[in-house]
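*Asks:*
Protein chains in written order, with this note's numbering: chain A, 18 to 272; chain B, 16 to 275.
(1) In the DSSP output, what is residue 175/A paired with across the bridge?
(2) Counting only the same chain and skipping the five closest in sequence on each side, list residues whose C-beta sits under 7 Å from that of residue 159/A.
(3) Relative to the C-alpha of residue 110/B, which residue among 87/B, 123/B and 92/B is closest?
(4) Which term fits residue 28/B, buried or exposed, when burial requires 16 or more other beta carbons within 10 angstroms of its beta carbon?
(5) What's the gap between the Cα of residue 229/B and the Cα of residue 260/B?
(6) Within its chain, find whatever has a CB closer than 8 Å to the CB of residue 202/A; leave out the 5 residues flanking it on each side and keep chain order.
(7) Taking a Cβ distance cut-off of 9 Å, strictly less, list which residues of the stretch 113-147 of chain A are near chain B, in chain order.
(8) Identify each residue in the stretch 39-68 of chain A for which the Cβ-Cβ distance to at least one residue of chain B is less than 7 Å, and report them in chain order.
(9) Chain A partners of residue 56/B, CB-CB under 8 Å?
(10) At least one CB of chain A closer than 8 Å to the CB of residue 294/B: is that the case?
(11) First and last residue of the alpha helix (DSSP H) that includes residue 38/A?
(12) Considering just the uninterrupted stretch of the beta strand (DSSP E) at residue 27/A, what are its terminal residues?
(13) Can you have a look at residue 165/A and say buried or exposed, based on whether 16 or more other CB atoms are within 10 angstroms of its CB?
(14) With distances taken between CB atoms, is the gap from residue 117/A to residue 135/A smaller than 8 Å?
(15) Buried or exposed for residue 38/A, please, with buried defined as at least 16 other CB atoms from any protein chain shown within 10 angstroms of its CB.
(16) Could you name the residues of chain B that residue 97/A contacts, counting a contact when the two beta carbons are closer than 7 Å?
(17) So, is residue 127/A buried or exposed, given that buried needs 16 or more other C-beta atoms within 10 angstroms?
(18) Rounded to whole angstroms, what's the CA-CA distance from residue 93/B to residue 193/B? Just pull it up for me.
(19) Does the distance from the C-beta atom of residue 149/B to that of residue 110/A stay below 8 Å?
(20) Measuring CA to CA, which of 64/A, 222/A, 171/A and 182/A is closest to residue 204/A?
(21) Going along chain A, which residues have a C-beta under 9 Å from residue 144/B?
(22) Name the chain B residues that come within less than 8 Å of residue 264/A, Cβ to Cβ?
(23) Does any residue of chain A have a CB that is nearer than 8 Å to the CB of residue 130/B?
(24) Look at residue 70/A and residue 32/A and say whether their C-beta atoms are less than 8 Å apart.
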């Protein structure tokens, strides 16, 4: 479990995170949602240790992030997989080399063992045919799948995704969502997704944390989000006419 | 009065900004040598950087050296109006100018533009596209991974400068003979007159310092850049300016220390 206690982060006089407390459980896809500027990315970067919080604690299965030595932090980071918003693939490497990079860097496996593992994860994300291509030669959706393959190749305990659906068409976005959820359940890992996408919220939001102005405004599941009366949540989630109708139908069905 | 006060405060801020940058640069250099990347990976990165930074620059170095050597020989010959001055002075002046200044310093300024902008833009693009964040999240010391191979590759820079020295003098000889300013024998005699081997050592010491500056200052500007694609271009320009300034200051200090 990842526990977050009273997390604060400021940049100069701008107080971005104002005391967030929440937790993320194993085997679940956890979504952090909120408007632009609500502090989602800063929150995610604090969880990853890319930003140091001013106050509060982040605890990875009993390990306090702020109290870890450099070596322990390095070990912890090898248990983390991250899918960046823009995929962040290394331009100079092929798909296969990108996915192999963490194995090559941190394990003493033989080349054949590494190749087997890379083929295994590429097959899992349906990209075995693109392994000799460079990131610039594949589509955005494929790049996201390569990023997911690279994130899971080390069999991480924790998977973080920053807007994995941004820039993708609805069909590919659903594929990516389902893939992340399946991987979370298959490997019993903790997945935290930073998202704007309401389809993702409805499809895979086993736990949803809604941030507003640096504060946790609401948390619950994708089932509970239909019933909530929290105005900030309903204004954000049901901003489109389509979702308003979906919610109405859901409420009528329940009654 | 208010304008003067404003200017004073502004210059203080600028000065503090420069001090902060020098401090951050020093911290970056220290971090580059910490937590080394696995040797099997580092070895390939170093070879790749030698290819990009040194081998890839040989063409422009060869071109510049021949022509600069030629121009120095012509200028010297055209300014020797007194018939009492021996003709071998053309070879002597060409050798001294090329070995002491043109090969190490002038070429390094050109390299600050060519290699420096490549380093800043490649690292800056990695920053903009979150590739550096990806390395950090994986637990890789991104400063060591990205900058250390460039520093090691630039240790081979003196070999390129040795070629520049040879070709500069050769360019001088060709221009001298083609312009009929003196005979080949007189030029070669001039090259050999009062030769002080320490001048070559001095030149290589300078070159090594410049190589370190060319590898690290553009890396600093690329690594710590903020913004988008447009800012990568701005960072490249800034890095060229500051690398050139650092080379010129280092040149002055080293000349004073080693020859003064």
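Here a beta-carbon is modelled for each residue, glycine too, at the ideal position from N, C-alpha and C. Values in this document were obtained by computation on a predicted structure and should not be read as measured data.
*Replies:* On the basis of the coordinates in this document:
(1) Taking the first residue of the first chain as position 1, residue 175/A is located at position 158. Answer by DSSP bridge pairing, in chain order: 97/A and 207/A.
(2) Taking the first chain and counting its residues from 1, one reaches residue 159/A at position 142. Contacts found: 144 and 147.
(3) For the purposes of this step, residue 110/B is taken as residue 95 along the second chain, with counting starting at 1. Nearest option by C-alpha distance: 87/B.
(4) Sequence index remark: in the second chain, residue 28/B carries index 13 (1-based). Counting Cβ neighbours within 10 Å, residue 28/B comes out exposed, since fewer than 16 surround it.
(5) Here residue 229/B corresponds to residue number 214 of the second chain, with the count starting at 1. Here residue 260/B corresponds to residue number 245 of the second chain, with the count starting at 1. Taking the straight line from one Cα to the other gives about 11 Å.
(6) By 1-based counting over the first chain, the position of residue 202/A is 185. 44.
(7) 118, 119, 121, 122 and 123
(8) 65 and 67
(9) Locating residue 56/B in the second chain gives position 41, counting from the first residue. Neighbours of residue 56/B on chain A, chain order: 121 and 122.
(10) The question about residue 294/B has no answer, for chain B in this structure spans 16 to 275.
(11) By one-based count along the first chain, residue 38/A stands at place 21. Where residue 38/A is concerned, there is no enclosing alpha helix (DSSP H), although the beta strand (DSSP E) it sits in stretches over 31-41.
(12) Position 10 of the first chain, counting from 1, holds the residue named residue 27/A. It spans 19-28 - the beta strand (DSSP E) in which residue 27/A sits, taken as one unbroken run.
(13) Here the question's residue 165/A lines up with position 148 in the first chain. Residue 165/A is buried by the Cβ-count criterion.
(14) Translated into the one-based positions of the first chain, residue 117/A becomes position 100. Translated into the one-based positions of the first chain, residue 135/A becomes position 118. Yes, they are a contact pair.
(15) Taking the first residue of the first chain as 1, we reach residue 38/A at position 21. Looking at its Cβ environment, which holds fewer than 16 other Cβ atoms inside 10 Å, residue 38/A is exposed.
(16) Your numbering for residue 97/A matches position 80 in the first chain. Going along chain B in sequence order, the residues near residue 97/A (Cβ under 7 Å) are 152.
(17) Here residue 127/A refers to the residue found at position 110 when the first chain is read from its first residue. By the neighbour-count rule (16 or more Cβ atoms within 10 Å), residue 127/A is not buried but exposed.
(18) Here residue 93/B refers to the residue found at position 78 of the second chain. Here residue 193/B refers to the residue found at position 178 of the second chain. Between residue 93/B and residue 193/B, the C-alpha separation is close to 14 Å.
(19) Counting from one through the second chain, the residue named residue 149/B turns up at place 134. Counting from one through the first chain, the residue named residue 110/A turns up at place 93. No; because the gap between Cβ atoms is not below 8 Å, this pair is not in contact.
(20) Counting from one through the first chain, the residue named residue 204/A turns up at place 187. Nearest of 64/A, 222/A, 171/A and 182/A to residue 204/A, Cα basis: 171/A.
(21) By 1-based counting over the second chain, the position of residue 144/B is 129. 101, 103, 104, 105, 106 and 108, listed in chain order.
(22) Indexing the first chain from 1 puts residue 264/A at position 247. Going along chain B, no residue has its Cβ under 8 Å from residue 264/A, so there is no contact; the nearest lies around 35 Å.
(23) Taking the first residue of the second chain as position 1, residue 130/B is located at position 115. Judged by the 8 Å Cβ criterion, residue 130/B is not in contact with chain A.
(24) For the purposes of this step, residue 70/A is taken as residue 53 along the first chain, with counting starting at 1. For the purposes of this step, residue 32/A is taken as residue 15 along the first chain, with counting starting at 1. For residue 70/A and residue 32/A, no; Cβs fall outside 8 Å.
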